[in-house]
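Participant: In this text, residue positions in the sequence shown follow UniProt numbering: the first is 1, and each later residue adds one. Backbone N, C-alpha and C fix where the C-beta goes; we use that ideal spot for every residue, glycine too.
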Amino acid sequence: MTVRNLDALFRPKSIAVIGASKREGSTGAMVWKRLIEGGFDGPVWAVNPKYDMLDGHPCVGNAGDLPDAPTVAIICTPPSTWPAIVHTLGGRGTRAAIIVGEPRSDDDRADVRHTLAAAR
Numbered sequence: 001m002t003v004r005n006l007d008a009l010f011r012p013k014s015i016a017v018i019g020a021s022k023r024e025g026s027t028g029a030m031v032w033k034r035l036i037e038g039g040f041d042g043p044v045w046a047v048n049p050k051y052d053m054l055d056g057h058p059c060v061g062n063a064g065d066l067p068d069a070p071t072v073a074i075i076c077t078p079p080s081t082w083p084a085i086v087h088t089l090g091g092r093g094t095r096a097a098i099i100v101g102e103p104r105s106d107d108d109r110a111d112v113r114h115t116l117a118a119a120r
């Protein structure tokens, strides 16, 4: 990772939360709420096919539907979705992704390997 990419991670111009939610107790809800309450002053986008709006912010169905490439994406979805999401975001120009989750099975660990390959 280059210093330029670290700068994008620590000083993002925009952030997308993939799997943002209002479902109490979910990782997506916790991350989304903290981001909104934290006062980030750049564009923030929610991604979840279950919602059109989330806390007054437009919500799109998938990462490919975002209006622009976020500088950073925070991914709060199951491991099986990670490779495709990272591939889509990388293709659009997203500079950094944070995955909030952990592999719990052999299939999940395989998904991590595929995610790393997609990130290259």
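Do you know whose CA, among Pro-78, Lys-22, Val-100, lies nearest Tyr-51's CA?
Facilitator: Lys-22
Participant: Tell me which same chain residues have a C-beta within less than 8 Å of the C-beta of residue 121, skipping the five on either side of it?
Facilitator: In the structure displayed, the chain extends from 1 to 120; residue 121 sits before or after that span and is not available.
Participant: Taking just the CA atoms, how far does Gly-56 sit from Val-100?
Facilitator: 23 Å
Participant: Report back the beta-carbon spacing between Ile-36 and Ile-75 to the nearest angstrom; my notes put them in contact at under 8 Å.
Facilitator: Distance from Ile-36 to Ile-75 at the Cβ level is roughly 17 Å; contact not present, criterion being Cβ atoms closer than 8 Å.
Participant: With a Cβ-Cβ cutoff of 8 Å, do Val-47 and Leu-66 count as a contact?
Facilitator: yes
Participant: Could you pull the DSSP bridge partners for Pro-58 from this structure?
Facilitator: Met-53
Participant: I'd like to know whether the C-beta atoms of Thr-88 and Ala-63 end up nearer to each other than 8 Å.
Facilitator: Between Thr-88 and Ala-63, the C-beta spacing is below 8 Å.
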